[in-house]
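Worksheet: one structure, shown below.
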Amino acid sequence: MSKKIKIGTVGIGLMGSSIATCLLASGHFVTALTNNIREKEGAIKRIDEFLQQLKAEELIDEEPAEVLKKLHITDQYSALKDHAVVIESVVENITEKRKVFAQLETVLTPDTLIGSNTSAIPVTLLQAEMQNPQRLFGIHWAEPAHLTRFMEIICGDQSDIQLAEKFSRLAESWGKEPSLIRKDIRGFIANRVMYAMLREAFYLVENGYATIEDVDRSLRNDLGYWITFAGPFRFMDLTGIPAYLAVMNDLFPDLCNDTKVPATIERLVKEGGKGVRNQQGFYTYSEDTARHWEKLFMEFSFEIRKLAGKYPQDAGEHI
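Listed below in structure tokens is the structure:
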């Protein structure tokens, strides 16, 4: 596929705007569909800010104003009819996503690839009512989507593996290092591993073994040191496999396997907690410190991207 193909996006919220930015920065003409055209100016402002960030970090050569000329925002599905790829990024709800796919299939050609930005919904469920389910894939992005290298491409039971591989090659041209999940499974790779970690973290806190601060400190200073350089299997290779077998035999029976949602997060959400977005989270924030944490997270994201680029996954194969 040419880098200059037209790509459509559906949804222009924070994540949708970030996805559109990634595609624009990669040279595509982007048509962004919204169900509320009054959101247009706000989305343009967000995308411009994201492009300004990329320009400041020398990740794009063009001026943001020139890149923005490749963006068209509309509330008409018919505007997507000649696009080669469409990425849906609406709310994480099966019913709402199916409504979008039904509308898309009235205007798209049967060979147009469709990606659904989802964090956990099984792709097979999303395909259930489609006319051409073989061209639908889950596309799991990480925030900020215009910056991170992470992407998971997930096949449903009816997905065409050759089209999945085509999608994967295209994602590489967006600056991603995509992983292909060949069999549908809820949560995919990263979320299954992350939520297993979160379950254990809550277990340690709620049962008095450690504070929230202590759990964060340990993971920052151990897992955080090596995970960008090596995934878990490479790390075991580097540090000696037999020791992990011994620890697994001792530790696995003692790990938390509770299927209930932790009471701590359930209570926090019930009280209205959203984290830095409303200064109500696991930590205490003022409006100023919340904004400062968001700024630091963005700065860190740029720096970690550079570090990961210096040590790609196959770095050790190039002697």
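The sequence shown runs contiguously to residue 1027 in the numbering used here.
Think of the CB as a built atom: it goes at the ideal place given N, C-alpha and C, for glycine as much as any other residue.
Predicted model only: the values in this text are computed from it and were never measured.
With a threshold of 8 Å, are at least 3 pairs of Cβ atoms found where one atom belongs to the stretch 726-736 and the other to the stretch 803-811? Output reads no: the stretch 803-811 does not touch the stretch 726-736.
Exposure of residue 725, with buried meaning 16 or more beta-carbon neighbours within 10 Å: By the beta-carbon neighbour count (other beta carbons within 10 angstroms, threshold 16), residue 725 is buried.
Residue 981 - containing beta strand (DSSP E), residue span: Annotation: residue 981 is outside any beta strand (DSSP E) and is labelled neither H nor E by DSSP.
Relative to the C-alpha of residue 798, which candidate in 772, 898, 978 and 721 has its C-alpha closest? Measuring from the Cα of residue 798, the nearest candidate turns out to be 721.
Minimum length 3: unbroken beta strand (DSSP E) runs contained in the stretch 860-892: Runs found: 885-889.
Would you call the stretch 835-850 in contact with the stretch 913-930, where contact means no fewer than 3 C-beta pairs closer than 8 Å? No contact exists between the stretch 835-850 and the stretch 913-930.
CA-to-CA distance, residue 758 to residue 787, given in whole angstroms: Rounded to whole angstroms, residue 787 to residue 758 spans 24 Å at the Cα level.
Spatially closest choice to residue 869 from 767, 895, 842 and 882, by CA coordinates: Relative to the Cα of residue 869, the nearest Cα in the group 767, 895, 842 and 882 belongs to 842.
Identity of the residues DSSP links to residue 714 by a beta bridge: Answer is 737, bridged to residue 714.
Once DSSP output is grouped into helix, strand and coil, what is the label at residue 779? Looking at residue 779 - three-state DSSP - the assignment turns out to be strand.
Consult DSSP for residue 858 and reduce its assignment to one of helix, strand or coil. Residue state for residue 858 is assigned as strand, using DSSP reduced to three classes.
Could you say which of 996, 905, 933 and 919 lies nearest to residue 964 if we only look at CA atoms? Taking only the C-alpha atoms, the option nearest residue 964 is 905.
What are the residues that DSSP puts in a beta bridge with residue 793? DSSP, once it has assigned bridges, lists 715 and 821 as partnering residue 793.
Give, in chain order, every unbroken run of the alpha helix (DSSP H) that is at least 4 residues long and sits entirely within the stretch 919-987. Whole alpha helix (DSSP H) segments, 4+ residues: 920-929, 931-934, 940-947, 949-959 and 971-978.
Check whether residue 944 and residue 933 have beta carbons under 7 Å apart: No, these two residues do not count as a Cβ contact at 7 Å.
Can you round the beta-carbon distance between residue 975 and residue 855 to whole angstroms, since I take them to be within the 8 Å contact cut? 33 Å between Cβ atoms; not a contact.
Would DSSP call residue 799 helix, strand or coil? The answer is coil: DSSP assigns residue 799 none of H, G, I, E or B.
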